[in-house]
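Its first residue numbered 5, the sequence shown is counted upward by one per residue in our numbering. The beta carbon of each residue, even a glycine, is placed where N, CA and C say it ideally should be. For reference, the structure discussed in these notes is given below.
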Amino acid sequence: MNAFSLQNGQMHCEAVPLSAIAERFGTPCYVYSRAALESALDEYQQPLAEVDALVCYAVKANSNLALLKVFAQRGAGFDIVSLGELKRALAAGADPQKIVFSGVGKSAAEMAFALSTGILCFNVESAPELERLNEVAGSLGKRAPISLRVNPDVDAKTHPYISTGLKENKFGVAYEDAVSVYTQASRLANLEIVGIDCHIGSQLLDPAPFAEALTKLLQLIDQLAAKGITLRHIDLGGGLGIRYKDETEPTVKSYLQPLLASLKERGLKIVLEPGRRLVGNAGVLLTRIEFLKPGAVKNFAIVDAAMNDLARPALYDAWHDILAVAPRSGAALHWDVVGPICESGDFLGRDRALALAPGDLLAVMSAGAYGMAMSSNYNTRPRAAEVMVDGTQMQLVRRRETIEELYALESLLP
Ligand SMILES: *Cc1c(COP(=O)(O)O)cnc(C)c1O
Numbered sequence: 005m006n007a008f009s010l011q012n013g014q015m016h017c018e019a020v021p022l023s024a025i026a027e028r029f030g031t032p033c034y035v036y037s038r039a040a041l042e043s044a045l046d047e048y049q050q051p052l053a054e055v056d057a058l059v060c061y062a063v064k065a066n067s068n069l070a071l072l073k074v075f076a077q078r079g080a081g082f083d084i085v086s087l088g089e090l091k092r093a094l095a096a097g098a099d100p101q102k103i104v105f106s107g108v109g110k111s112a113a114e115m116a117f118a119l120s121t122g123i124l125c126f127n128v129e130s131a132p133e134l135e136r137l138n139e140v141a142g143s144l145g146k147r148a149p150i151s152l153r154v155n156p157d158v159d160a161k162t163h164p165y166i167s168t169g170l171k172e173n174k175f176g177v178a179y180e181d182a183v184s185v186y187t188q189a190s191r192l193a194n195l196e197i198v199g200i201d202c203h204i205g206s207q208l209l210d211p212a213p214f215a216e217a218l219t220k221l222l223q224l225i226d227q228l229a230a231k232g233i234t235l236r237h238i239d240l241g242g243g244l245g246i247r248y249k250d251e252t253e254p255t256v257k258s259y260l261q262p263l264l265a266s267l268k269e270r271g272l273k274i275v276l277e278p279g280r281r282l283v284g285n286a287g288v289l290l291t292r293i294e295f296l297k298p299g300a301v302k303n304f305a306i307v308d309a310a311m312n313d314l315a316r317p318a319l320y321d322a323w324h325d326i327l328a329v330a331p332r333s334g335a336a337l338h339w340d341v342v343g344p345i346c347e348s349g350d351f352l353g354r355d356r357a358l359a360l361a362p363g364d365l366l367a368v369m370s371a372g373a374y375g376m377a378m379s380s381n382y383n384t385r386p387r388a389a390e391v392m393v394d395g396t397q398m399q400l401v402r403r404r405e406t407i408e409e410l411y412a413l414e415s416l417l418p
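Structure below.
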């Protein structure tokens with residue numbers, strides 16, 4: 005669904021004009037649509053209703069508590085990568101039995117806390133991690149449920165920074181080594197093998213690599229069964245892409261159907277870890293133009309949001325549509341939309357045809373995923389506020405930081 009639309013010449017989120025949000029809470033500000041979050045989760049849960057399945061939202065895409073609670077209330081589980089994300093998920097009301105713990109560098113303390121809460125599964129990424137987890141579980145008198153993240157070596161054909169399923173990536177256990185690492189795990193007394201997982205990359209627009217990865221994992225599952233190692237679930241990770249510009253967004257159904265077809269009759273529970281797809285198009289970054297700076301070579305629109313608020317353009321050269329909240333009828337010029345940070349890489353969009361005036365509001369679209377979650381305080385800038393819209397209601401779900409808070413943890417030399 006598209007929760008952001010023009011109504012009477014004014015962009016709204018559901019039934020709330022973005023200008024009203026800017027007035028009440030200031031800019032820069034992230035705005036999320038509750039209906040869009042729920043509908044994105046529904047797109048996954050409906051085709052899976054007939055099978056044993058669990059959708060574990062990847063918290064790293066956007067970890068706001070209110071957003072996590074929306075998903076928890078609708079039965080979602082969570083894919084977490086740190087103690088911090090685990091505590092957030094629990095604070096938002098997550099069921100520990102629906103939490104999977106991913107990540108290449110889990111500390112003993114993180115393992116111990118996750119074991120004490122009774123999570124569904126540790127997605128283990130290396131042999132030494134197995135050894136550590138076995139020790140920690142033993143010291144607590146527990147058995148740790150584990151899955152091995154296997155690297156199926158398929159080319160997801162996405163940006164190198166977000167491709168994770170190739171041999172040269174740091175993630176997971178090499179496909180060729182998987183059987184021997186599972187065998188090693190089966191000999192460790194404090195581990196219980198429950199699953200297998202993979203995550204081949206992010207922003208994938210072609211469902212084919214997912215099916216390819218599944219085929220490879222199923223072959224592995226058969227090899228393991230021959231050795232007496234049986235699994236309860238298969239976790240295919242996240243990675244389904246969204247429309248940022250003019251991409252054709254694969255439907256969730258077209259992605260799930262081939263997977264469901266080959267999983268039928270296997271009696272395996274299916275776990276998925278979508279991040280971006282659940283939140284990306286449910287949020288925008290709302291920003292106001294400070295100055296217009298037309299020039300001989302380039303025109304700059306300097307706005308109050310910057311790369312510290314939304315890093316994706318600077319980091320991946322990612323495209324986000326930038327739309328006027330109240331479009332003007334005048335002639336459009338081409339603008340580089342840039343922030344106030346002292347870096348040439350501080351841009352939100354380049355060469356955008358817009359009719360602008362100082363003080364106008366702009367919406368940076370598709371900013372719900374890896375937006376606020378990757379924000380920083382670079383240049384001692386307070387991070388943006390976050391607002392959740394539900395129908396005609398708007399609610400502040402994270403207030404803007406104060407400047408004093410930004411250095412409150414620091415101390416002067418005596
Ligand atoms: C990042 C990540 C996800 C979510 O990826 P999206 O592309 O946002 O769907 C899922 N699983 C793991 C292990 C990840 O690292």
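Simplified DSSP assignment, three categories, for A357: Working through the sequence shown from its first residue, we reach residue 357 at position 353. DSSP places A357 in strand when its eight states are reduced to three.
Test item: CB-CB of L22 and V329 under 7 Å: The count along the sequence shown starts at 1 and reaches residue 22 at position 18. The count along the sequence shown starts at 1 and reaches residue 329 at position 325. It is a contact, given that the beta carbons lie within the stated cut-off.
As assigned by DSSP and simplified to three states, the class of D394: Translated into positions along the sequence shown, residue 394 becomes position 390. In this structure, D394 counts as strand in the three-state DSSP scheme.
Near ligand 1: P418 beta-carbon under 6 Å from a heavy atom: As a working note, residue 418 is residue 414 in the sequence shown. No, since every heavy atom of ligand 1 falls outside the 6 Å radius drawn around the Cβ of P418.
Best match in D321, R385, G353, G279 for proximity to Y374 [C-alpha to C-alpha]: Residue numbering aside, residue 374 sits at position 370 when the sequence shown is read from its first letter. Minimum Cα distance to Y374 is reached at G279.
Short Cβ contact (7 Å threshold) for Y248 with W323: Counting from one through the sequence shown, the residue named residue 248 turns up at place 244. Counting from one through the sequence shown, the residue named residue 323 turns up at place 319. Against a cut-off of 7 Å, the Cβ pair of W323 and Y248 comes out as a contact.
Assigned exposure category for N68 - 16 Cβ within 10 Å defines buried: By one-based count along the sequence shown, residue 68 stands at place 64. Per the 10 Å Cβ criterion, buried.
heavy atom of ligand 1 below 6 Å from S120 C-beta: Residue 120 sits at position 116 when you count from the first residue of the sequence shown. S120: no, Cβ never under 6 Å from ligand 1.
Which of helix, strand or coil DSSP assigns to L72: Residue numbering aside, residue 72 sits at position 68 when the sequence shown is read from its first letter. In the structure shown, L72 sits in a helix (DSSP, three-state: H, G or I).
Per-residue DSSP class, three states only, for P317: In the sequence shown, residue 317 corresponds to position 313, counting from 1. Reduced to three states, the DSSP call for P317 is helix.
Segment limits, alpha helix (DSSP H) that includes M115: Here residue 115 corresponds to residue number 111 of the sequence shown, with the count starting at 1. 112-121 is the span of the alpha helix (DSSP H), which, as asked, contains M115.
Local Cβ density within 10 Å of S106, reported as buried at 16 or more and exposed below that: On the sequence shown, position 102 is the one that residue 106 refers to. Buried, because 16 or more other Cβ atoms sit within 10 Å of the Cβ of S106.
Inside the segment 268-324 only - beta strand (DSSP E) runs reaching at least 3 residues: 273-276, 287-297, 304-307
Simplified DSSP assignment, three categories, for V85: Residue mapping note: residue 85 aligns to position 81 of the sequence shown, counting from 1. Coil.
Under 7 Å between C-beta atoms of C17 and V35: The residue you call residue 17 lines up with position 13 of the sequence shown. The residue you call residue 35 lines up with position 31 of the sequence shown. In this structure, C17 sits near V35, with a CB-CB distance shorter than 7 Å.
A160 Cβ short of 6 Å to ligand 1 heavy atom set: Within the sequence shown, residue 160 is the residue found at index 156, counting from 1. Checking the Cβ of A160 against ligand 1 gives no.
Beta-carbon proximity of V82 to V288, cut-off 7 Å: In the sequence shown, residue 82 corresponds to position 78, counting from 1. In the sequence shown, residue 288 corresponds to position 284, counting from 1. Note that residue 82 is Phe in the sequence shown, not Val. Against a cut-off of 7 Å, the Cβ pair of V288 and F82 comes out as no contact.
Same chain only: Cβ atoms within 6 Å of A217, ignoring 5 sequence neighbours per side: One-based indexing of the sequence shown puts residue 217 at position 213. Excluding positions up to five away in sequence, the list reads P156, V158, C202, I204.
Pair within 7 Å by beta-carbon distance, A96 and A76: For the purposes of this step, residue 96 is taken as residue 92 along the sequence shown, with counting starting at 1. For the purposes of this step, residue 76 is taken as residue 72 along the sequence shown, with counting starting at 1. Going by C-beta atoms, A96 is nearer than 7 Å to A76.
Where R403 sits in the DSSP three-state scheme: Start at 1 with the first residue of the sequence shown, and residue 403 comes out as number 399. It is coil, neither helix nor strand.
Nearest to V140 (by Cα), restricted to the options T187, A193, P100, K102: Locating residue 140 in the sequence shown gives position 136, counting from the first residue. Closest by alpha carbon: A193.
DSSP-derived helix/strand/coil call for A160: In the sequence shown, the residue the question calls residue 160 occupies position 156. DSSP places A160 in coil when its eight states are reduced to three.
Rounded separation between N12 and R236 - CA only: For the purposes of this step, residue 12 is taken as residue 8 along the sequence shown, with counting starting at 1. For the purposes of this step, residue 236 is taken as residue 232 along the sequence shown, with counting starting at 1. Whole-angstrom Cα-Cα distance: 53 Å.
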